[in-house]
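Single-structure report; data block below.
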Amino acid sequence: MLLINNLSFFRNDNLIFENVNVSLSNGQVIQIRGKNGSGKTTFLKVILNILISKTGEIFWEGQNIKKNIFKFYNQVTYIADHNTSSRKLSVLDNIKFWKELSSSNLSDDDSLLLLETFNLKKYLNVETMYLSSGEIKKLELLRLVLEQKKLWILDEPYNHLDDLSTEILNQTFVDHINNDGIILFASHYNPVISKLEILEFN
Amino acid sequence: MILIKKIFLFFKRESKLFYRNIVDLFSNILFFFLSIFIFVFALGTDEQLLKSIGLGIIWSLLLLSSTLSLRRFYEEDFNNGVLIIIHMRGISYELIVFLKILSHFLFVQMPFLISIPVASLLFNLPIYEVYNLMITFIIGSLILSCLSSMSASMNLLNKANFSIGGIIVLLFSIPIIIFSVGINEIESDYKSLINILIGIALIFLGISPWASASFLKLAIRNK
Amino acid sequence: MFSFLINPSKFNKFTDIIFKPLVFISSVILIVGLILVYLSPLDYQQGLTVKIMYIHVPSAWLALLTYAIMTIYSIIGIAFKMPFSFIINRAVAPIGAVFTLLCLISGSLWGKPMWGTWWVWDARLTSVSILLLLYLVIIFLNQTFENRDVREKTIAIFIIIGSINLPIIKFSVDWWNTLHQPASISKLSAPSIDGSMLQPLLVMTIAFSLIGLMIAVLRIKAEILIRKNH
């Protein structure tokens, strides 16, 4: 359960957004829509405490996240609009690193199966720098399932994806919601997901 | 326990990245040897002259070649956001910096240790000077790693003037070179100079995680 | 009473009052000092070249003083988060650099007839040239970062670390055997310089300090204005 209270953010005395109130309960998915430069990415970063707001509070399961930041981080998967995979490491190395870093208990067979669904298994020992941008994005999105966290925060997840992968991503979202997960994402693309709620930003 | 596991994981990743970037290391060593050759061509091959100035040349070239890899210290991990991901999994930025310094020391500076005896051969340095050089380099390179960490993290915030990072490393490495070369003079006290070097290394090892981490936090906030 | 030293608006008010008298007094003292220098006796060993001292010593003193002031303000600025100290750091650094350069050039001109060389790698000379490098890096750093907070804090930390150099400069003539002569004037003992030379030297030092102060006031005022408009 994520509760955002009266959140405002200023960058160099310029107002980015003001008095945003959102509450996300288990099994909810919210899309943030808005023009370019309307502060969607900034909003996500403020929620993750990467950027620090002067006013407003964020609560995760009843606790202020500023006081229990690692407890909060331990429940979040954050997919930024750039790729966190290391260009010089192979696909397998990247996946292993993410999995062990988040101490997830997904088995190796399951992660191979995941690669199969996104059609990435053939690149298992290929360095990430040789993959196309769509494939790197798909590799990035694998983190959602690999890390097994409750709250997913995504920035432009639909960039570079083809129709089939978009379909798979939507299906993953629906599965996560049915398992009482929470999803918050910012995107220009309007996906077809039942129960999708929209937050307009301007 | 989980934290120790994550630290090992971090080192495993760093060692893999080191293995993939090994060409970079070789080109640094190549730069080192090429500069020695250029020095020798510029000075002539007078054996006595080379013997007397060899130590100083080797030390200054070691400093210069270690500033070559300065920009790679944090830049890649910062640009693709791996730093944030690692931080979100429960490792504070200070610890990240500390681990980075250690891995830079192990994977970037230590390989130079092999090239020092070879370089000393070229200048016909006496054996005790080579020995002193290697001891002081082990301590001095740890200080250099700390300095590189600080100036590399500072450079993340800096969009105009990239050479300033190297300048700062060179400026603060002046004491290292004074004490390290001074060790070979006959009247100097060997033990106290080594102790001074170790003291400087410990001070920097204490300061740099704090300083670099505050630069990293600022850089991530201003990205 | 001394709040004008830490408060920009009070600093502006205070300097508005004192600036014109400051210009007048400093020019009078400078003229008096130059006349005293002209009338001062020649050294029986060094001849006319001893008069370089009346430029060399005051500029060296001001080079060190400027850095010491910057160090104190940096510590205050970091400890108490006072933006005015960062204004001073930015405004004063070029002045210190110019005085250091003046000190090095006049010393070099003095060294050629006396020591027979423009430059020796002696502890005093080396540490002062490192001071010049520190000043130059500070000036470069001032133009490097876009983000103001980052810039100011970085420079303050850099200044504090670099202040290790100050005692090294001060005591270099005592710690190492150097070509450079030890200090002639110190508070604790009687000066080892004749009164007829001490007098013009002191007047010139006061004149240099006042001129430095005058330029610093102008630069700090400009810096306050720039900061207000951004």
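Residue numbers (my numbering), protein chains in the order written: chain G, 303 to 504; chain V, 2 to 224; chain P, 28 to 257. All residues carry an ideal CB built from backbone N, CA and C; glycine is no exception. Remember, it's a predicted structure, so these values are computed and weren't measured experimentally.
- Within chain P, not a single residue places a beta-carbon under 8 Å from that of V/A202; the smallest gap is close to 16 Å.
- Around the beta-carbon of P/E250, 16 or more other beta-carbon atoms lie within 10 Å, marking it buried.
- In the three-state reduction of the DSSP assignment, V/F79 falls in the helix class.
- Neighbours of P/T181 in chain V, taken as residues at a C-beta separation under 7 Å, are given in chain order as M155.
- P/E173 has a beta carbon lying within less than 8 Å of a beta carbon in chain V.
- For P/I58 and V/S70, the gap between their C-alpha atoms comes out near 55 Å.
- Taking 7 Å as the cut-off between beta carbons, the residues of the stretch 6-25 of chain V near chain G are K7, L10, R14, K17, L18, R21 and N22, in sequence order.
- Interface with chain V (8 Å Cβ-Cβ cutoff): G/V428 is excluded.
- Cβ proximity to chain P below 8 Å picks out M155, L158, N159, K160, A161, N162, I165, I168, I169, L172, F173 and I175 from the stretch 155-182 of chain V.
- Taking 8 Å as the threshold, the shortest C-beta distance from V/L31 to chain P does not fall below it.
- Straight-line measurement puts the Cα of G/S387 at about 32 Å from the Cα of G/N504.
- Here G/N307 is bridged, per DSSP, to G/E359.
- What G/Y460 touches in chain V, judged by beta-carbon distance under 9 Å, is nothing: the nearest beta carbon there is about 19 Å away.
- Distance from G/I397 to G/L446 at the Cβ level is roughly 13 Å; contact not present, criterion being Cβ atoms closer than 8 Å.
- In this structure, P/G134 keeps its C-beta atom at 8 Å or more from the C-beta atom of P/Y94.
- DSSP places P/Q170 in the coil class of the three-state scheme, outside both helix and strand.
- Residue pairing by DSSP places G/S392 opposite G/E429 in a beta bridge.
- Residue-level contact check: P/L168 touches chain V, since one or more beta carbons of chain V fall below 8 Å from its beta carbon.
- Beyond the five residues adjoining it in sequence on each side, P/P110 comes within less than 6 Å, by CB distance, of no other residue in the same chain.
- Residue range L453 to D457 is occupied by the beta strand (DSSP E) that includes G/W454.
- Restricted to the stretch 128-171 of chain P, the alpha helix (DSSP H) segments that are unbroken, complete and at least 4 residues in length are 150-169, listed in chain order.
- For the options V/D78, V/R222, V/S149 and V/R90, the alpha carbon positioned closest to that of V/S67 is the one of V/S149.
- Nearest in C-alpha terms to V/I30, of all of V/L64, V/F205 and V/I102, is V/L64.
- G/V331 is bridged by DSSP to G/I485 and G/L498.
- P/L75 and P/W145 have their C-alpha atoms roughly 18 Å apart.
- Inclusion of G/K439 and G/N461 in the CB contact set at 8 Å is warranted, their separation being smaller than that value.
- For V/R73, the nearest beta carbon of chain G is not closer than 8 Å to its own beta carbon.
- Where G/E320 is concerned, the enclosing beta strand (DSSP E) starts and stops at N316 to L326.
- Sequence-distant Cβ neighbours of V/L194 in its own chain, meaning closer than 7 Å and more than five residues away, are F180, G183 and I184.
- Chain-ordered, the chain P residues with CB closer than 7 Å to the CB of V/L219 read V177.
- Close to chain V, meaning a Cβ-Cβ distance shorter than 7 Å, are the following residues of the stretch 391-413 of chain G: L391, D395, F399, E402, L403, S404 and S405.
- Annotated as distal: G/I495 and G/N480, with beta-carbon spacing of 8 Å or more.
- Three or more beta-carbon pairs separated by less than 8 Å link the stretch 236-250 of chain P to the stretch 102-118 of chain P, which places the two stretches in contact.
- Interface residue (Cβ-Cβ distance to chain G less than 8 Å): V/I3 is classified as such.
- V/I128 sits in a helix when the DSSP states are folded into three classes.
- About 6 Å separates the Cβ atoms of G/E449 and G/S406, confirming a contact at the 8 Å cut-off.
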